[in-house]
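Have a look at the structure below, then the notes.
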Amino acid sequence: MRLADGRPLLQRMRPYVMVFDAPLAIIITLLLCVGLVTLASAGMAIPGKVEDQLRNILFAFLIMWIVANVPPQAMMRLAVPAYALGVALLLAVALFGVVKGGSRRWLNVGVQIQPSELMKIAMPLMLAWFFQRQQGQMRWHAYAVAALLLAIPAGLIARQPDLGTALLVTAAGCYVIFLSGLSWKVMVGLAAAGCASLPLLWAVMHDYQRERVLTLIDPYHDPLGKGFHIIQSMIAIGSGGFAGKGWTHGTQAHLEFIPERTTDFIFAVFSEEFGLTGNLVLMVLYLLLIWRGLHIAVNAATFFSRLLAGAVTMIYFTYAFVNMGMVSGIIPVVGVPLPFMSYGGTALMTLGLGGGILMSIQRHGRAVRSGARA
1075 MRLADGRPLL QRMRPYVMVF DAPLAIIITL LLCVGLVTLA SAGMAIPGKV
1125 EDQLRNILFA FLIMWIVANV PPQAMMRLAV PAYALGVALL LAVALFGVVK
1175 GGSRRWLNVG VQIQPSELMK IAMPLMLAWF FQRQQGQMRW HAYAVAALLL
1225 AIPAGLIARQ PDLGTALLVT AAGCYVIFLS GLSWKVMVGL AAAGCASLPL
1275 LWAVMHDYQR ERVLTLIDPY HDPLGKGFHI IQSMIAIGSG GFAGKGWTHG
1325 TQAHLEFIPE RTTDFIFAVF SEEFGLTGNL VLMVLYLLLI WRGLHIAVNA
1375 ATFFSRLLAG AVTMIYFTYA FVNMGMVSGI IPVVGVPLPF MSYGGTALMT
1425 LGLGGGILMS IQRHGRAVRS GARA
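Structural data, given as structure tokens:
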């Protein structure tokens, strides 16, 4: 079939279909495949998990494809509305959100949504837009405004309470602020002030949050209670040895000692069944993901694109580092999924959205560079 200009339809549609960055798409696909294999073992006793995750993956790729077709200039125009919508939804959650397990994190709009997930992308988008507007005129008050823009949603999320997500949103915003050119001296000063404020943070933490910190320091003070899950997780990781026990042969997982084994603690299942060898392969895949994201950020065509791509990439790093750290007993348990491996729709949609942003920046940056050379 040919169009009026004589070009075949497939040739006309090609720029809108072939939008994925090949290296990034391959890395993400490999991580998803590893996640599906691990989920098939971890969720063996829970029918429908793999099928549901396949549906989630299809939706994530659809979102990735849609966003990859959106030019960064359009994302800039969406930054303020997305941030405003996210803050409005967080306020709605605070006023009449759905309470589960003592936390008010969800909003019922026909279906239950968790607005804090939106802020993981809306926050760096907003700050990248803000610093793009301030480029060449960076003053201390610009960073003060950026800190205020970051503090509003982070504070609303922390009140739910959801300290884990609040820290992730804060990290996403801090990455943009750092990449915008904030002085190392200021960063060191802020880090020192943060360490000095730890006693104040301890005073305002909820009881369950304090228990997580105490459990991290000594999980064996309550081995059959608060420390049970992290102890079993560390046993699973250690028992995997060099080569692992083999797929579907992980005893800790299949005897149901590992909590949330299909979501937050899927890394423990993977470690037990594939051992140190599997962990090294998995870490290489995550390092390749970070490398490709930073490569896209360095070669981005605009300041806005560089900030956004850098922040999205570092969000991936934070997810992976925090999840592996909490499952290994290095940091407190904060409920962060392992990127592209943990079961779950909302987190996978957010990750797919981030992947689409990186692919859009790479695609349109390449077009700008090609036009400049021509």
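In the working numbering, the protein residues as written are 1075 to 1448.
Glycine included, C-beta positions come from ideal geometry on N, C-alpha and C.
As the structure is a computational prediction, the values presented were derived from the model and not from experiment.
Checklist entry - Straight-line CA distance for alanine 1150 to glutamine 1208? => result Translated into the one-based positions of the sequence shown, residue 1150 becomes position 76. Translated into the one-based positions of the sequence shown, residue 1208 becomes position 134. In the sequence on display, residue 1150 carries methionine and not alanine. When rounded, the distance between both Cα atoms is 14 angstroms.
Next on the checklist: For a test of the three-state rule: what should DSSP assign to leucine 1329, helix, strand or coil?
Outcome noted: Residue 1329 sits at position 255 when you count from the first residue of the sequence shown. Annotated three-state conformation of leucine 1329 is coil, per DSSP.
Item to check | DSSP beta-bridge partners of glutamine 1186 | outcome: Along the sequence shown, read from residue 1 onward, the residue named residue 1186 stands at position 112. In the DSSP assignment, the residues bridged to glutamine 1186 are Asn1182.
Checklist entry - Going straight from the alpha carbon of asparagine 1466 to that of leucine 1381, what length do you get? => result No statement about residue 1466 is possible, as the shown extent of the chain runs from 1075 to 1448 and does not include it.
Checklist entry - For histidine 1438, is the classification buried or exposed, using 16 other Cβ atoms within 10 angstroms of its Cβ as the cut-off for buried? => result The residue given as residue 1438 occupies position 364 in the sequence shown. Counting Cβ neighbours within 10 Å, histidine 1438 comes out buried, since at least 16 surround it.
Checklist entry - Where do the ends of the alpha helix (DSSP H) carrying lysine 1259 lie? => result By one-based count along the sequence shown, residue 1259 stands at place 185. First-last of the alpha helix (DSSP H) with lysine 1259: 1258-1270.
Item to check | Residues near lysine 1246 by beta carbon distance below 7 angstroms, same chain, minus five either side | outcome: Counting from 1 along the sequence shown, the entry for residue 1246 is found at position 172. Before going on, a small fix: residue 1246 reads as alanine here, not lysine. Counting only Cβ-Cβ distances below 7 angstroms, and skipping sequence neighbours, we find Lys1194, Met1197, Pro1198, Ala1385, Ile1389.
Next on the checklist: Can you list, in chain order, the residues of its chain with a C-beta nearer than 7 angstroms to that of valine 1407? Leave out the 5 residues immediately preceding and following it.
Outcome noted: Sequence index remark: in the sequence shown, residue 1407 carries index 333 (1-based). Excluding residues within five positions, the ones whose Cβ falls inside 7 angstroms are Arg1286, Ile1304, Met1400.
Checklist entry - If you drop the 5 nearest sequence neighbours on each side, which residues of the same chain put their C-beta closer than 7 angstroms to that of alanine 1240? => result Position 166 of the sequence shown, counting from 1, holds the residue named residue 1240. Excluding positions up to five away in sequence, the list reads Ala1228, Ile1231, Ala1232.
Next on the checklist: In the DSSP output, which residue or residues are listed as bridge partners for valine 1172?
Outcome noted: Stepping through the sequence shown from its first residue, residue 1172 is reached at position 98. Answer is Trp1180.
Checklist entry - Given a threshold of 16 other Cβ atoms within 10 Å of its Cβ, counted over all protein chains shown, does tryptophan 1258 qualify as buried or as exposed? => result If you number the sequence shown from 1, residue 1258 lands on position 184. With fewer than 16 other Cβ atoms from the protein chains shown falling within 10 Å of its own Cβ, tryptophan 1258 counts as exposed.
Checklist entry - Of all the options Trp1180, Leu1256, Val1262, Ala1220, which has the alpha carbon lying nearest to the alpha carbon of threonine 1244? => result In the sequence shown, counting from the first residue as 1, residue 1244 sits at position 170. It is Ala1220 whose Cα lies nearest to the Cα of threonine 1244.
Next on the checklist: Let me make sure I understand the geometry here. Which of Ala1342, Asn1143, Val1410 has the alpha-carbon closest to that of threonine 1392?
Outcome noted: Position 318 of the sequence shown, counting from 1, holds the residue named residue 1392. Ranked by how close their Cα comes to the Cα of threonine 1392, the residues Ala1342, Asn1143, Val1410 have Val1410 in first place.
Checklist entry - So, helix, strand or coil for phenylalanine 1339, using DSSP? => result Counted from its first residue, the sequence shown places residue 1339 at position 265. Taken through DSSP and simplified to helix, strand or coil, phenylalanine 1339 comes out as coil.
Checklist entry - Does the stretch 1338-1353 come close enough to the stretch 1411-1418 to have 3 or more Cβ pairs within less than 8 angstroms? => result Result yes; three or more Cβ-Cβ pairs closer than 8 angstroms.
Item to check | Endpoints, alpha helix (DSSP H) assigned at asparagine 1130 | outcome: Translated into the one-based positions of the sequence shown, residue 1130 becomes position 56. Annotation for asparagine 1130: the continuous alpha helix (DSSP H) segment containing it runs 1123-1142.
Checklist entry - DSSP three-state call for phenylalanine 1378: helix, strand or coil? => result If you number the sequence shown from 1, residue 1378 lands on position 304. In this structure, phenylalanine 1378 counts as helix in the three-state DSSP scheme.
Checklist entry - What is the C-beta distance between leucine 1201 and leucine 1223, in whole angstroms, given that I count them as a contact (C-beta under 8 angstroms)? => result On the sequence shown, residue 1201 is found 127 positions in, with the first residue counted as 1. On the sequence shown, residue 1223 is found 149 positions in, with the first residue counted as 1. Yes, they are in contact, since the Cβ atoms of leucine 1201 and leucine 1223 sit about 6 angstroms apart, within 8 angstroms.
Item to check | Of the listed residues Gly1171, Pro1121, Thr1424, Val1144, nearest to phenylalanine 1094 (C-alpha basis) | outcome: Start at 1 with the first residue of the sequence shown, and residue 1094 comes out as number 20. Closest in alpha carbon position to phenylalanine 1094, among Gly1171, Pro1121, Thr1424, Val1144, is Val1144.
Checklist entry - Leaving out the 5 sequence neighbours to the left and right, which residues in its chain are closer than 6 angstroms to leucine 1192 when beta-carbon positions are compared? => result Within the sequence shown, the letter at position 118 stands for residue 1192. Taken in chain order, the residues that qualify are Gly1160.
Item to check | Burial state of glycine 1184, where buried means 16 or more other Cβ atoms lie within 10 Å | outcome: The sequence position of residue 1184 within the sequence shown is 110, counting from 1. Glycine 1184 is exposed by the Cβ-count criterion.
Item to check | Whole-angstrom distance between alanine 1327 and glycine 1318, CA atom to CA atom | outcome: Counted from its first residue, the sequence shown places residue 1318 at position 244. Counted from its first residue, the sequence shown places residue 1327 at position 253. Distance between the alpha carbons of glycine 1318 and alanine 1327: 13 angstroms.
Next on the checklist: Could you check if phenylalanine 1331 belongs to the surroundings of the ligand COA, using beta carbon to heavy atom distance under 7 angstroms?
Outcome noted: Annotation note on the ligand COA: not contained in the displayed structure, which lists no ligands.
Next on the checklist: Measuring alpha carbon to alpha carbon, tell me which residue in Leu1329, Tyr1217, Gly1429 is nearest glycine 1367.
Outcome noted: Sequence index remark: in the sequence shown, residue 1367 carries index 293 (1-based). Taking only the C-alpha atoms, the option nearest glycine 1367 is Gly1429.
Checklist entry - What did DSSP end up calling glutamate 1346 once you bin it into helix, strand or coil? => result Sequence index remark: in the sequence shown, residue 1346 carries index 272 (1-based). It is helical.
Item to check | Minimum C-alpha distance to tryptophan 1203 - residue among Asp1236, Ala1162, Leu1152, Ala1266 | outcome: Taking the sequence shown and counting its residues from 1, one reaches residue 1203 at position 129. Checked all of Asp1236, Ala1162, Leu1152, Ala1266; the closest Cα to tryptophan 1203 is Leu1152.
Item to check | Own chain residues within Cβ distance below 6 angstroms of methionine 1138, not counting five before or after | outcome: Locating residue 1138 in the sequence shown gives position 64, counting from the first residue. Residues Gly1426, Gly1429, Gly1430 of the same chain have their beta carbon placed closer than 6 angstroms to that of methionine 1138, with the five preceding and five following residues left out of the count.
Next on the checklist: Short of 7 angstroms in beta carbon distance, which residues of its chain neighbour alanine 1371, apart from the five on each side in sequence? Order them along the chain.
Outcome noted: The residue given as residue 1371 occupies position 297 in the sequence shown. Within the same chain, alanine 1371 has close Cβ partners Arg1380, Ala1383, Gly1384, Thr1387.
Item to check | Test item: CB-CB of methionine 1301 and proline 1293 under 8 angstroms | outcome: Taking the sequence shown and counting its residues from 1, the one referred to as residue 1301 is at position 227. Taking the sequence shown and counting its residues from 1, the one referred to as residue 1293 is at position 219. The question names methionine, yet the displayed sequence has glycine at residue 1301. Yes.
Next on the checklist: I need the DSSP call for methionine 1118, collapsed to helix, strand or coil.
Outcome noted: One-based indexing of the sequence shown puts residue 1118 at position 44. Under the three-state reduction of DSSP output, methionine 1118 falls in the coil class, being neither helix nor strand.
Item to check | Nonlocal neighbours in the same chain, by C-beta distance under 8 angstroms from glycine 1320, ignoring five residues either side | outcome: Within the sequence shown, numbered from 1, the residue matching residue 1320 stands at position 246. Here the set comprises Glu1347.
Next on the checklist: Would leucine 1359 and leucine 1104 be called neighbours here (beta carbons separated by less than 8 angstroms)?
Outcome noted: The count along the sequence shown starts at 1 and reaches residue 1359 at position 285. The count along the sequence shown starts at 1 and reaches residue 1104 at position 30. Yes; because the gap between Cβ atoms is below 8 angstroms, this pair is in contact.
Item to check | Alpha-carbon to alpha-carbon, glycine 1324 and alanine 1099 | outcome: If you number the sequence shown from 1, residue 1099 lands on position 25. If you number the sequence shown from 1, residue 1324 lands on position 250. Near 30 angstroms, if we compare the C-alpha coordinates of glycine 1324 and alanine 1099.
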